[in-house]
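Residue 259 in the numbering used here sits at position 259 of the sequence shown, with consecutive numbering throughout. Cβ atoms here follow ideal geometry from the backbone N, Cα and C, with glycine treated the same way. The block underneath contains the structure these notes are about, expressed in structure tokens.
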Amino acid sequence: MSISVEKIDLNVLNMHTRFPFKYGIASLVALPHLFVRARVKVDGKTEIGLAAEGLPPKWFTKNPDAPFESDLDEMLTVIQNACDIALHSDAEKSVFDLWQTIYAKQRAWAKTTAYPPLLWSFGVSMIERAVIDAFCRAKGVTFAHAIKENALGIRLSDIHSELHGNAPGDLLPHAARRSITVRHTVGLADPLTDADIADEDRVDDGLPQSLAANIEAYQLTHLKIKLCGDAEQDLARLRQIAGLMPDQCAFTLDGNEQYTEVEPFRKLWNTIQGDTVLSSFMEGLIFVEQPLHRDMALSATVKAVLTDWTDRPPMIIDESDGALDSATQALDCGYVGTSHKNCKGIFKGIANACLIAHRQQRDPSGTYVLSSEDLANVGPVALLQDLAVLAVLGVDHSERNGHHYFAGLDMYPETIQKQVLAHHSTLYRQHARGFPILNVHNGTLNVESVVEAPFGYGFELDTLQFTLLADWTIDELA
1 MSISVEKIDL NVLNMHTRFP FKYGIASLVA LPHLFVRARV KVDGKTEIGL
51 AAEGLPPKWF TKNPDAPFES DLDEMLTVIQ NACDIALHSD AEKSVFDLWQ
101 TIYAKQRAWA KTTAYPPLLW SFGVSMIERA VIDAFCRAKG VTFAHAIKEN
151 ALGIRLSDIH SELHGNAPGD LLPHAARRSI TVRHTVGLAD PLTDADIADE
201 DRVDDGLPQS LAANIEAYQL THLKIKLCGD AEQDLARLRQ IAGLMPDQCA
251 FTLDGNEQYT EVEPFRKLWN TIQGDTVLSS FMEGLIFVEQ PLHRDMALSA
301 TVKAVLTDWT DRPPMIIDES DGALDSATQA LDCGYVGTSH KNCKGIFKGI
351 ANACLIAHRQ QRDPSGTYVL SSEDLANVGP VALLQDLAVL AVLGVDHSER
401 NGHHYFAGLD MYPETIQKQV LAHHSTLYRQ HARGFPILNV HNGTLNVESV
451 VEAPFGYGFE LDTLQFTLLA DWTIDELA
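See the structure below:
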């Protein structure tokens, strides 16, 4: 086999949130949604592959003093550098080999910068997704088939040495999931009831805004609750949320790196655990996500403290998962796993899923987690490719919030909206006001159309109609 990248186009669609999404130190109100369109040659056949991602503030890096313009420049720089590397790389014998080449060259370049792995590897992930899409389309296979048959040429031991002798199909589920439960994000500024919404903040788009309205509209069973780091505020908010769920719910807590030491988080945890009002609700806890800042979450000091904290809650990393071996480091530190996001890399996510499965086989009574966390993903490319990967990895519930903070696919031209409804009629439905929205039914998404597509979206999508990145400026978001 031979595969190479011949041409790449970058285009932008501006997106504005329905209301602010507050997470950690950031508050998202608008962002550029970037499309990568790659022309890829696969065994002499030319095919187009797409990738897309919204570019949010304060996630890939977390400098509270840097303006969004600076964050955005960094994200675009790592993407453009990965594009340049891909275009100037020789043909390789597999998609995995091409990814390894681009990854290694990007890593070498990043050593000359201050960019952390979470950021610079994001650039690689955009090319990775587009190339995988092009390969699946060129070969007429689904992503699920490509992984099961290892058509992408993945060598798991190149990422985690303990997986030597295993292929993805040996450790991943035999069949891709056809449904995934939505774990609804409760942002730090999200209103819990309609009464909490001030008149000037009320959104008139026909979609639920408060948590209570979302629970009713989508029959939610799973939540992701963001913590602010103030024990009194977090406790009061958790009590309110517990009172809104009609039945026992499953949920995760997101620490959003609020703590620089374990002890303050431990005090919060003991306070929550000791609250009699929350005793029943807390039985639904699945895990706590990234309570510690990325700069120390995997340190020797934290490892020592977590080892001594024998009744600690199950915890995973998210923002600390920047390098290929971060998941292994996390498990060694006392965490139970890590998260998958396509922006952190598909091959990395597959290897991490296999690592978790391998550890679980060796230790059946242990707790091991590969979760799915969102970054305000919006369709029809970014979200659907993310769901396609999750279905193959066997992840049964996923944080989803792009449909909550954005008004469905209302920002797209009508032609694209119609394409989505025609090709993904079970994943999306038409809202009364005409635009497509996610069809969350009984808290669940039907992802069958995503699994059956080459890689997520499946139809001919013209991304060249959007603004050329070279012509775009951040002023357009105002």
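- For Leu-393, the closest of Asn-352, Asp-97, Lys-224, Phe-265 by C-alpha to C-alpha distance is Asn-352.
- Sequence-distant partners of Asn-150 (beyond 5 residues in either direction) whose C-beta falls short of 8 Å from its own C-beta, in its chain, are Ala-167, Pro-168, Gly-169.
- As computed with DSSP, Leu-370 is found in a beta bridge with Thr-338.
- Taking C-beta atoms under 8 Å as the contact rule, Phe-455 and Asp-133 qualify, at a distance of about 4 Å.
- In the three-state reduction of the DSSP assignment, Arg-177 falls in the coil class.
- In this structure Glu-289 touches Asp-254 by the C-beta definition: roughly 5 Å separates them, less than 8 Å.
- Listed in chain order, the non-local C-beta contacts of Lys-7 below 6 Å within the same chain comprise Arg-39, local neighbours out to five positions each way being set aside.
- Residue burial is scored here from C-beta neighbours: Gln-106 has at least 16 other C-beta atoms within 10 angstroms and is therefore classed as buried.
- Of the residues Lys-303, Gly-44, Asn-342, the one whose Cα lies closest to the Cα of Gly-322 is Asn-342.
- Beyond the five residues adjoining it in sequence on each side, Leu-192 comes within less than 7 Å, by CB distance, of Ser-210, Leu-211, Ala-212, Gln-240, Ile-241, Leu-244 in the same chain, given in chain order.
- For Gly-366, the number of other beta carbons within 10 angstroms of its own is below 16, and it is reported as exposed.
- When secondary structure is reduced to three states using DSSP, Glu-74 falls in the helix class.
- Taking a contact to require three or more Cβ pairs closer than 8 Å, the stretch 427-443 and the stretch 396-403 qualify as touching.
- Of the candidates Leu-119, Ser-121, Gly-349, Gly-349 places its Cα closest to the Cα of Ile-147.
- Under the three-state reduction of DSSP output, Met-411 falls in the coil class, being neither helix nor strand.
- With a 10 Å radius around the Cβ and a threshold of 16 neighbouring Cβ atoms, Val-277 comes out exposed.
- Of the candidates His-404, Asp-363, Tyr-368, Leu-370, the residue whose Cα lies closest to the Cα of Leu-383 is His-404.
- Separation of Gly-229 and Leu-268 (C-alpha to C-alpha, rounded to the nearest whole angstrom) is 8 Å.
- For Pro-117, the enclosing alpha helix (DSSP H) has its first and last residue at 117-139.
- Three or more Cβ pairs closer than 8 Å define a contact, and the stretch 306-320 meets that threshold against the stretch 369-379.
- In this structure, DSSP gives Lys-41 an extended state, which the three-state scheme calls strand.
- Here Ser-326 is buried: its Cβ has 16 or more other Cβ atoms, across all protein chains shown, within 10 Å.
- Ala-176 sits close to Val-451, with the two beta carbons spaced by under 8 Å.
- When the beta-carbon positions are compared, Leu-421 and Pro-380 stay at least 8 Å from each other.
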